[in-house]
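Residue numbers (the working numbering): 227 to 377.
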């Protein structure tokens with residue numbers, strides 16, 4: 227008998243069973259990781275779309291009242307379209323140069339949209355869903371026309 231056959235002769239088992247066990251152990255975390263990243267990406271795209279569209283609408287609005295109204299309408303539409311949690315969305319509006327009314331002619335409007343993405347299958351027990359949430363933030367800038375408000 228060959229020497230290498232003697233060392234393997236005592237080992238018996240099912241390779242298929244071992245591959246299935248190891249495959250399941252590796253596959254379950256991989257699937258969870260893909261689902262979690264998909265949810266984070268969806269919320270990131272939603273925050274980016276909200277910031278970009280709100281900045282554009284506010285900068286092109288004819289006056290401050292319609293800028294606020296149109297900006298809120300755009301935000302509601304993006305929240306519905308991307309499935310964002312309306313309570314978790316925070317919007318900040320700033321203008322440069324500082325000290326000017328926002329929006330005003332010639333200023334640059336910055337819209338920052340922040341939200342938190344809760345991971346899938348994390349229970350609300352002891353606030354785990356809040357402590358494991360991933361923060362997402364997007365900022366967009368848009369220049370306001372020098373003729374803004376003169377219409």
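Where a beta carbon is used, it is the ideal one built from N, C-alpha and C, also for glycine.
Rounded straight-line distance, which links the Cα of residue j to that of residue i
{"i": "residue 286", "j": "residue 368", "result": "9 Å"}
{"i": "residue 356", "j": "residue 340", "result": "15 Å"}
{"i": "residue 384", "j": "residue 246", "result": "With the chain represented from 227 up to 377, any question about residue 384 goes unanswered, as that position is not in the structure."}
{"i": "residue 348", "j": "residue 268", "result": "18 Å"}
{"i": "residue 335", "j": "residue 317", "result": "13 Å"}
{"i": "residue 265", "j": "residue 259", "result": "10 Å"}
{"i": "residue 305", "j": "residue 263", "result": "19 Å"}
{"i": "residue 323", "j": "residue 251", "result": "56 Å"}
{"i": "residue 292", "j": "residue 364", "result": "23 Å"}
{"i": "residue 256", "j": "residue 346", "result": "13 Å"}
{"i": "residue 315", "j": "residue 307", "result": "14 Å"}
Residue nearest to residue i in terms of C-alpha spacing, selected from the options
{"i": "residue 289", "options": "316, 355, 331", "result": "331"}
{"i": "residue 366", "options": "240, 328, 243, 276", "result": "276"}
C-beta contact flag for residue i and residue j at 8 Å
{"i": "residue 321", "j": "residue 333", "result": "yes"}
{"i": "residue 360", "j": "residue 342", "result": "yes"}
{"i": "residue 301", "j": "residue 280", "result": "yes"}
{"i": "residue 294", "j": "residue 362", "result": "no"}
{"i": "residue 310", "j": "residue 272", "result": "yes"}
{"i": "residue 337", "j": "residue 284", "result": "yes"}
Residue i - DSSP class collapsed to helix/strand/coil
{"i": "residue 361", "result": "strand"}
{"i": "residue 372", "result": "coil"}
{"i": "residue 313", "result": "coil"}
{"i": "residue 347", "result": "coil"}
Residues bridged to residue i (per DSSP)
{"i": "residue 334", "result": "322, 369"}
{"i": "residue 341", "result": "362"}
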